[in-house]
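K.L.:
Just so we're aligned, residue 2 is where the sequence shown starts under our numbering, counting upward by one. No residue lacks a Cβ here, since even glycine has one placed at the ideal position from N, Cα and C. Quantities reported herein were computed from a predicted structural model and do not represent experimental measurements. Below you'll find the structure I mean.
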Amino acid sequence: MELTLRKKLWKLGDVLGHKMTFAEAARLPCLRLYAGDIPADSLYESEGLIGLSIKAADWNTIKHDITRPFPLADNSVYAFQAEDVLEHIPYGALVPVLNEICRILKPGACFRLSVPDYGCDVYASRCQRSADGTIVFDPGGGGWYRDGKPGGGGHLWFPTYEQVQALVTASDFARADFLHYYDTDGTPVTRPIDYARGYIQRTPDHDARVQDPYRPLSLVVDLYKQEQP
2 MELTLRKKLW
12 KLGDVLGHKM
22 TFAEAARLPC
32 LRLYAGDIPA
42 DSLYESEGLI
52 GLSIKAADWN
62 TIKHDITRPF
72 PLADNSVYAF
82 QAEDVLEHIP
92 YGALVPVLNE
102 ICRILKPGAC
112 FRLSVPDYGC
122 DVYASRCQRS
132 ADGTIVFDPG
142 GGGWYRDGKP
152 GGGGHLWFPT
162 YEQVQALVTA
172 SDFARADFLH
182 YYDTDGTPVT
192 RPIDYARGYI
202 QRTPDHDARV
212 QDPYRPLSLV
222 VDLYKQEQP
């Protein structure tokens, strides 16, 4: 079925109040999953792009918490993207999340991960810190900070290259290509991003806050599942 026809059928489903299911998504010829509510932007439209939301479901969004297993077969998903989502999940719970994403991806497929990079001055300058300078809360990320803990849907940890690298190393993914990040000494690294693998709003290619000088805003990494032998 051509993408344009599929979109028309999905739009009709939206009007009629139909909600996408995993069973339906699994039948798509090229299933791509997006963790979160798909932004209302034509640049995110792609064949088989299905959102995963903890809040609601609609014609192209399934209500699902990605900290829970996916009711999908091994090696069944062509691509997966998580944009500004993982920082809302406790850091200690993330390796199982990565491994479950790896399980459902096809061999050699890509998981594009982007999170706010707290090596960037835009984020670092707005944060609340403890007496020793450690970031404890980012008011720009939503939520609240009470009794020494962030909550209310805000950022639960504050990603850096070292933290994300540790998660990746502990996961089942075979390879990681870090594209945008701040190195351990604070040096900004901006390798070219192929946005055909997943559009990202918060990069210097699209966000004026980090265009002069050109520097990372999000930490962007492509994770690849092991190819079949």
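So, at 6 Å on beta carbons, what are the nonlocal neighbours of glycine 155 in its own chain, with the 5 sequence-adjacent residues on each side left out?
P.N.:
Counting only Cβ-Cβ distances below 6 Å, and skipping sequence neighbours, we find Gly142, Gly143 and Gly144.
K.L.:
My output table needs one value for glutamate 266: the three-state DSSP class, helix, strand or coil.
P.N.:
This structure cannot speak to residue 266, because the chain is shown only from 2 to 230.
K.L.:
Could you pull out every residue in the same chain whose Cβ sits closer than 8 Å to the Cβ of phenylalanine 23, ignoring the five residues on either side in sequence?
P.N.:
Ile63, His65, Phe71, Pro72 and Leu73
K.L.:
Looking only at its own chain, which residues have a Cβ that is under 7 Å from the Cβ of isoleucine 102, when we skip the five neighbours before and after it?
P.N.:
Phe81 and Phe112
K.L.:
Where do the N-terminal and C-terminal ends of the alpha helix (DSSP H) with proline 97 fall, by residue?
P.N.:
95-105
K.L.:
What beta strand (DSSP E) runs, 3 residues minimum, are completely inside the region 46-71?
P.N.:
50-54 and 62-64
K.L.:
Checking the sheet assignment: what are the DSSP bridge partners for histidine 207?
P.N.:
In the DSSP assignment, histidine 207 forms no beta bridge with any residue.
K.L.:
Can you tell me the Cα-Cα spacing of isoleucine 136 and glutamine 129, whole angstroms?
P.N.:
Looking at the two C-alpha atoms, the distance is approximately 6 Å.
K.L.:
On the DSSP bridge list, what partners appear for glutamine 129?
P.N.:
Looking at the DSSP assignment, glutamine 129 forms a beta bridge with Phe138.
K.L.:
How about serine 77: is its C-beta nearer than 8 Å to some C-beta of chain B?
P.N.:
As a matter of chain content, chain B is missing from the structure shown, which is built from one protein chain.
K.L.:
Under three-state DSSP, which class holds serine 43?
P.N.:
Helix.
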